[in-house]
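Here is the structure we will look at.
Number of protein chains: 2
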Amino acid sequence: MFDLISKDPHSKARRGRLSTRHGFVDTPVFMPVGTQGTVKAVSPGELELLGAQIILGNTYHLFIRPGLDVMREFGGLHQFSSWQKPILTDSGGFQVFSLARLRKISDEGVHFQSHIDGAPCFIGPREAMQIQACLGSDIAMLFDECPPYPCDRGYAARSLERTLAWAAVCKQEPTPGAKFGIVQGATFADLRRESAEALVSIGFDGYAIGGVSVGEPEHEMMAAIENSEPYLPSNQPRYAMGLGTPAQIVEMVARGVDMFDCVLPTRVARNGTAYTGRGTVNLKNAIHAKAKGPIEEGCQCPACLQFSRGYIRHLLKAEEILGLRLVTLHNLHFYLNLMRRIREAIETGVFQTFRRGFLEAYHSAEGRESDE
Amino acid sequence: MFDLISKDPHSKARRGRLSTRHGFVDTPVFMPVGTQGTVKAVSPGELELLGAQIILGNTYHLFIRPGLDVMREFGGLHQFSSWQKPILTDSGGFQVFSLARLRKISDEGVHFQSHIDGAPCFIGPREAMQIQACLGSDIAMLFDECPPYPCDRGYAARSLERTLAWAAVCKQEPTPGAKFGIVQGATFADLRRESAEALVSIGFDGYAIGGVSVGEPEHEMMAAIENSEPYLPSNQPRYAMGLGTPAQIVEMVARGVDMFDCVLPTRVARNGTAYTGRGTVNLKNAIHAKAKGPIEEGCQCPACLQFSRGYIRHLLKAEEILGLRLVTLHNLHFYLNLMRRIREAIETGVFQTFRRGFLEAYHSAEGRESDE
Chain H
3 MFDLISKDPH SKARRGRLST RHGFVDTPVF MPVGTQGTVK AVSPGELELL
53 GAQIILGNTY HLFIRPGLDV MREFGGLHQF SSWQKPILTD SGGFQVFSLA
103 RLRKISDEGV HFQSHIDGAP CFIGPREAMQ IQACLGSDIA MLFDECPPYP
153 CDRGYAARSL ERTLAWAAVC KQEPTPGAKF GIVQGATFAD LRRESAEALV
203 SIGFDGYAIG GVSVGEPEHE MMAAIENSEP YLPSNQPRYA MGLGTPAQIV
253 EMVARGVDMF DCVLPTRVAR NGTAYTGRGT VNLKNAIHAK AKGPIEEGCQ
303 CPACLQFSRG YIRHLLKAEE ILGLRLVTLH NLHFYLNLMR RIREAIETGV
353 FQTFRRGFLE AYHSAEGRES DE
Chain D
3 MFDLISKDPH SKARRGRLST RHGFVDTPVF MPVGTQGTVK AVSPGELELL
53 GAQIILGNTY HLFIRPGLDV MREFGGLHQF SSWQKPILTD SGGFQVFSLA
103 RLRKISDEGV HFQSHIDGAP CFIGPREAMQ IQACLGSDIA MLFDECPPYP
153 CDRGYAARSL ERTLAWAAVC KQEPTPGAKF GIVQGATFAD LRRESAEALV
203 SIGFDGYAIG GVSVGEPEHE MMAAIENSEP YLPSNQPRYA MGLGTPAQIV
253 EMVARGVDMF DCVLPTRVAR NGTAYTGRGT VNLKNAIHAK AKGPIEEGCQ
303 CPACLQFSRG YIRHLLKAEE ILGLRLVTLH NLHFYLNLMR RIREAIETGV
353 FQTFRRGFLE AYHSAEGRES DE
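These protein sequence lines are chains H and D, in that order.
Under the working numbering, the first residue of the first sequence carries the number 3, and numbering increases by one thereafter.
Under the working numbering, the first residue of the second sequence carries the number 3, and numbering increases by one thereafter.
The following block contains the structure:
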């Protein structure tokens, strides 16, 4: 399902292409997050116009609401949400451990209460794959335990053992699309290696690096990537779960990661924060009140092509839905366009130059809000 | 500024066309309400696709935020909000009397506190016209006092006297577009007549019927129209402010009204209520959970062409922004399409048949939610 098209000679960056039941995905790729069957504040049509090739759905959320009865009736998430391109679904593991109440973990899986109405639920490795099959996922993720940060070695090792046992169960459960294993092992290099090697020996269509984006400092995040990547097959896709900032994504691409998902561009948009090539901008700041220019000069997103910073600031201050939507469109465009630039840079052999230039500009203007 | 194209032989319904600085408006027309410089939950591009020919802006809200400094910098509301078709602005009178705190009314105008930060403000007839000039309004409304319902005759008469004095002041203040007088007089037929005749003798480009949509029963609303319309020039547009339901609009068209604005289609959308030819539907109702059909069979709105009731219900239950947007698009389409059907019916001489058929179907299915 994965073709490696070209490799950067000076780093581990790779240019590839995934094939799924719903079409191709060019990597490195950013996958907008559609937690509840919609990427917050935008429509499927807008996502297509922005060039999104694949989006994420959340097993846990969709299992809780609307539930599998509804999903079966519609024949899966694609038909339900009117998104006809690929969908990757997480396994629910991360959410069960971060959102659900009164969870009780056993070797069979996790008993928990719905975070919405407290209803008792159970998800184990088998159920997680069955739910993802019901969603019609193009890429299903294995059910794993995602240990917190920090996490002591003893717990990390026991948790990893359980996750690997679940991996074997997940492998057996049929799903219509691809299946990705998830490397765990917290901050321990030897556990990361053990996890990667064990998953590869079971054999999946791709491998994610999990247990990141749990509050760890950036150097631990990069270490988790560096301690996992060498043990993953180079002819299969690698996916860093829940990450990251634009600068982190560039750095993880350089470390051999092909796939990313992150709520940042959509979540911070709803606080009025926009991404630009020179870092983030808080559009609620008074300096934008009379600004006639777009969020970012030269940006080709639907918000920048038509609307001024002054108008968008007004919408945000007045808590108008259009404001959230415009900043979300801009931020998603920024991420998706960043990936296009990364792919082009790898293809044309200039990724190292791009990487240096991007990071320099992105970090150059920190604090510029107050200087402008 | 107003051409009367045709008249219904069996009622007072009229088919006309307004010309403004930003283009033509076919009447009878519905004007979506863009209180804070945006029609809630939709974009200017979507409004154009829906066929909106004119939208409303609120003087009071835009005066408070973003304020005239910002508006002057952008050269008016059209440039600020990126809407290039006509804009009608209310005068702020209604909001000053319904929203502002600690207001003190004198013959000069109204001292009040901003409902946002309590800042002391003043709007009088002169200021209201100056603000609307600054907004670049195509149709400016006179500054009036909008008495509550119910209202005793003494107060209604005194209030009307003040409103008429303000009308003379408004007449003198230059604005770039048209100016509409507002007929007041509460529920008193003689005051309505006095108000209409006095305004007409001063002379404006069109006339609104105000003091409706203030909590009065429907028969009082219709009486206010019937008691005002005969005294308004037939060759000028008539506008019923803040009204109404689809059925009420049809009835007011039959009573000679040409222009309407109402927050209903956008406001109720945000509660999950959709308009259909057979009345309203509460999309949050569990009966829609597995419904694969559109909000309304045959509807050509962007929501109905692409999305199911089941999906929209899920979005509404999950409080996703896309849900509010889709129902808003549907409801605005319903209103705008109703006006297209009304115009066509008048043009082709079948308005009475249309009126009967529409009202029968619209009222036929009340309570159908529980029957389905």
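The beta-carbon is built from N, C-alpha and C at its ideal position, and this holds for glycine as well.
Under 9 Å from the C-beta of residue i: neighbouring residues of chain D
i                : result
Ala291 (chain H) : Pro68, Gly69, Asp71, Val72 and Glu75
Neighbouring residues, chain D, relative to residue i (Cβ below 7 Å)
i                : result
Gly39 (chain H)  : His316
Pro322 (chain H) : The amino acid occupying residue 322 (chain H) in the given sequence is Glu; Pro does not appear at that position. Simply Gln38, Thr40 and Lys42.
His342 (chain H) : The question names His, but residue 342 (chain H) is Arg in the sequence shown. In chain order: nothing, as chain D lies at least about 24 Å away.
Neighbour flag for residue i against chain H, beta carbons, 7 Å
i                : result
Ala376 (chain D) : Within the shown structure, residues of chain D are numbered from 3 to 374, placing residue 376 (chain D) beyond reach of any answer.
Ser84 (chain D)  : yes
Backbone secondary structure at residue i - three-state DSSP
i                : result
His113 (chain D) : strand
Leu247 (chain H) : Note that residue 247 (chain H) corresponds to Thr in the displayed sequence, not to Leu. Coil at Thr247 (chain H), not helix or strand.
Phe65 (chain D)  : helix
Val44 (chain D)  : coil
Ile314 (chain H) : helix
Ile344 (chain D) : helix
Leu378 (chain D) : Within the shown structure, residues of chain D are numbered from 3 to 374, placing residue 378 (chain D) beyond reach of any answer.
Phe96 (chain D)  : helix
Gly325 (chain D) : helix
Ser203 (chain D) : helix
Met223 (chain D) : helix
Leu361 (chain D) : helix
Asp192 (chain D) : helix
Leu58 (chain H)  : strand
Leu79 (chain D)  : helix
Cβ shell of residue i (< 6 Å), same chain only, five flanking positions each side left out
i                : result
Ala347 (chain D) : Phe353 and Phe356
Phe99 (chain H)  : Cys148
Ala198 (chain H) : Val185, Ser230, Tyr233 and Leu234
Cys153 (chain D) : Ala188
Asp10 (chain H)  : Ile348 and Phe353
Ala15 (chain D)  : Val255, Ala256, Ile348 and Phe353
Val252 (chain H) : Arg357 and Phe360
Val265 (chain D) : Val35
Same chain, Cβ closer than 7 Å to residue i, five either side skipped, listed in chain order
i                : result
Arg128 (chain D) : Val171 and Glu175
Asp5 (chain D)   : Gly18 and Arg19
Gly212 (chain H) : Asp146, Cys148, Ile184, Val185, Gln186 and Met243
Asn237 (chain H) : Phe4 and Leu6
Arg164 (chain H) : Asp109 and Glu147
Leu193 (chain H) : Ala158, Ala159, Leu162 and Gly187
Gly179 (chain H) : Thr22, Arg23, Ser139, Asp140, Ile141 and Ala142
Gly312 (chain H) : His290, Ala291, Lys292, Ala293 and Lys294
Leu326 (chain D) : Ala43, Ala271 and Arg272
Sequence-distant residues of its chain with Cβ nearer than 8 Å to residue i (five each side left out)
i                : result
Glu80 (chain D)  : The sequence shown places His at residue 80 (chain D), not Glu. So the qualifying residues of the chain are His24, Gln86, Ile89 and Gly138.
Cys123 (chain H) : Phe65, Ile66, Ala102, His113, Phe114, Gln115 and Ser116
Gly126 (chain H) : Glu110, Gly111, Val112, Phe145, Trp168 and Val171
Gln134 (chain H) : Thr61, Thr91, Ser93, Ala142, Met143 and Thr177
Pro267 (chain D) : Pro34, Tyr277, Thr330, Asn333, Leu334, Phe336 and Tyr337
Lys106 (chain H) : Val112, His113 and Phe114
Residue i at chain D interface by Cβ criterion, 7 Å
i              : result
Lys9 (chain H) : no
Interface residues of chain H facing residue i [CB-CB closer than 7 Å]
i               : result
Ser45 (chain D) : Leu324
Lys14 (chain D) : Going along chain H, no residue has its Cβ under 7 Å from Lys14 (chain D), so there is no contact; the nearest lies around 38 Å.
Residue i: contacting residues in chain H (beta-carbon distance under 8 Å)
i                : result
Leu309 (chain D) : Note that residue 309 (chain D) is Phe in the sequence shown here, rather than Leu. Ser84, listed in chain order.
Lys87 (chain D)  : Those do not exist, as Lys87 (chain D) stays about 15 Å from chain H at its closest Cβ, beyond 8 Å.
Contacts of residue i in chain D (Cβ-Cβ under 8 Å)
i                : result
Gly312 (chain H) : Pro68, Val72, Glu75, Phe76 and Phe82
Lys294 (chain H) : Glu75 and Phe76
Lys319 (chain H) : Arg67 and Pro68
Arg19 (chain H)  : Chain D residues near Arg19 (chain H): none, gap ~28 Å exceeds 8 Å.
Contacts that residue i makes with chain H (C-beta to C-beta distance below 9 Å)
i                : result
Arg269 (chain D) : Residues of chain H passing the Cβ test: none, with the nearest at roughly 13 Å.
Minimum Cβ-Cβ distance from residue i to chain C less than 7 Å
i                : result
Asn237 (chain D) : Given the protein chain composition of this structure (H and D), no chain C is represented.
Report the residue ranges of all beta strand (DSSP E) runs contained in full by the segment 123-170 of chain H; include only those spanning at least 3 residues, in chain order. 141-143
Taking only runs that begin and end inside the segment 247-293 of chain D, name each unbroken beta strand (DSSP E) of 3 or more residues, in chain order. 261-263, 275-278 and 281-284
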